[in-house]
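Before any comments, here is the structure.
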Amino acid sequence: MKNLIKLFSIIGLVSMSHVAFAIDNVADGDVLSADTLNEIIDATNENTAKINLDFDITMPCTAYSVGDTGPQGGLVFYVTSDGCDGLEAWTADEADSNWGCLITEVGAIGTAIGTGAPNTQLIDSAACSAGGAAAITRDAVHGTSDWYLPSIAELKTMYDAIGPGGGNAGGFDATGVYWSSSEIDNENVAVVNFANGTEISNPKNFNRNTRAIRTFNP
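Quick note: the sequence shown uses my numbering, first residue 1, plus one each step.
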């Protein structure tokens with residue numbers, strides 16, 4: 001993730017000339033080198049009046065593209081416009097499982113990109129998903145412990161980008177049906193059929209494929 005450093009309420013400056021010279025060409029959104037940042041800090045330390053600096057300093061990020069190896073060894077399947085933030089899928093399926101929580105509506109109704117993680121937390125907190133798809137992805141430790149079950153939009157994006165819909169670089173089961181974390185009601189969940197990319201519903205007690213994903217913010 002882009003690192004934003006907010007400078008404000010710097011106390012103890014008498015002469016403004018050095019500081020003004022140091023920040024004269026700095027504007028919001030500028031990418032500063034370490035040398036430029038140190039020059040500004042040094043200028044403030046050498047003087048003793050009071051000013052208020054209120055601007056963001058944006059440091060360069062690591063940009064990823066779809067298909068790259070992600071920060072934790074997964075395969076990147078979604079990125080923001082600058083490539084700094086996105087989603088990576090693990091390189092293999094977890095164990096096949098049911099979804100859990102049959103006849104229990106847990107409220108995991110998020111469908112959009114960005115809702116898989118909170119959906120998984122809701123499923124987990126319902127305490128009815130032991131051994132289910134959400135629990136399996138939550139317990140997956142592939143370098144970190146922040147993997148989760150994708151929402152239906154995240155799952156469909158994964159199919160299109162690195163699944164059978166996009167060359168299958170992720171090595172998915174091309175005839176399998178994969179769980180999402182998007183609950184439809186107390187008995188059914190949204191899934192994607194990886195044989196053709198269609199979004200359908202399946203009962204929670206079916207055994208289906210499961211692939212863990214995570215959000216990255218370098």
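Idealized CB from N, CA, C, for every residue including glycine.
Between the C-alpha atoms of residue i and residue j, what's the straight-line distance to the nearest angstrom?
i, j, result
"Ala117", "Glu199", "20 Å"
"Asn168", "Thr175", "12 Å"
"Lys204", "Leu75", "27 Å"
"Gly131", "Ala190", "19 Å"
"Tyr178", "Ala95", "11 Å"
"Thr137", "Pro60", "31 Å"
"Leu102", "Thr80", "35 Å"
"Asn193", "Ala63", "31 Å"
"Ala212", "Tyr148", "5 Å"
"Gln72", "Ser151", "20 Å"
"Gly163", "Gly197", "9 Å"
"Asp160", "Asp185", "26 Å"
"Ser129", "Ser97", "11 Å"
"Thr210", "Ala89", "11 Å"
"Leu155", "Asn207", "17 Å"
"Trp99", "Ser180", "9 Å"
"Ala126", "Ile109", "14 Å"
"Cys84", "Asp68", "12 Å"
"Arg214", "Ala112", "15 Å"
"Gly170", "Ser182", "22 Å"
"Asn202", "Glu187", "8 Å"
"His142", "Met158", "18 Å"
"Gly86", "Asp173", "23 Å"
"Leu122", "Ala153", "17 Å"
"Asp146", "Val66", "20 Å"
DSSP beta-bridge partners for residue i?
i, result
"Gly86", "Val79, Phe216"
"Thr198", "Asn193"
"Tyr178", "Val192, Asn209"
"Glu183", "Val189"
"Thr69", "Leu75"
"Gly164", "The displayed chain sequence assigns Pro, not Gly, to residue 164. Pro164 pairs with nothing; no bridge assigned."
"Pro222", "No information on residue 222 is available, as it lies outside the stretch 1 to 218 that the chain covers here."
Return the first residue and the last residue of the beta strand (DSSP E) that residue i is part of.
i, result
"Glu94", "Element bounds for Glu94: n/a, residue is neither H nor E."
"Ser151", "Premise fails: Ser151 is in no beta strand (DSSP E) and is neither H nor E."
Under a Cβ-count criterion, where at least 16 other Cβ atoms within 10 Å of its own Cβ denotes burial, should residue i be classed as buried or exposed?
i, result
"Phe216", "buried"
"Val106", "buried"
"Asp124", "buried"
"Ala134", "buried"
"Lys50", "Because Lys50 carries a pLDDT of 49, less than 50, the predicted location of this residue cannot be relied on, and no value is offered for it."
"Ser144", "Position check: residue 144 holds Thr in this sequence, whereas Ser was assumed. The residue in question, Thr144, is exposed, as its Cβ has fewer than 16 Cβ neighbours within 10 Å."
"Ala140", "buried"
"Ala92", "exposed"
"Gly114", "exposed"
"Ala195", "exposed"
"Phe77", "buried"
Is residue i close to the ligand FMN? I mean its beta-carbon at under 7 Å from any heavy atom of the ligand.
i, result
"Ile152", "This structure lacks the ligand FMN; in fact it carries no ligand of any kind."
Taking the alpha helix (DSSP H) that residue i belongs to, which residues open and close that run?
i, result
"Ile123", "116–125"
"Ala108", "Looking at the DSSP string, Ala108 is not in any alpha helix (DSSP H), and its letter there is neither H nor E."
"Asp139", "133–139"
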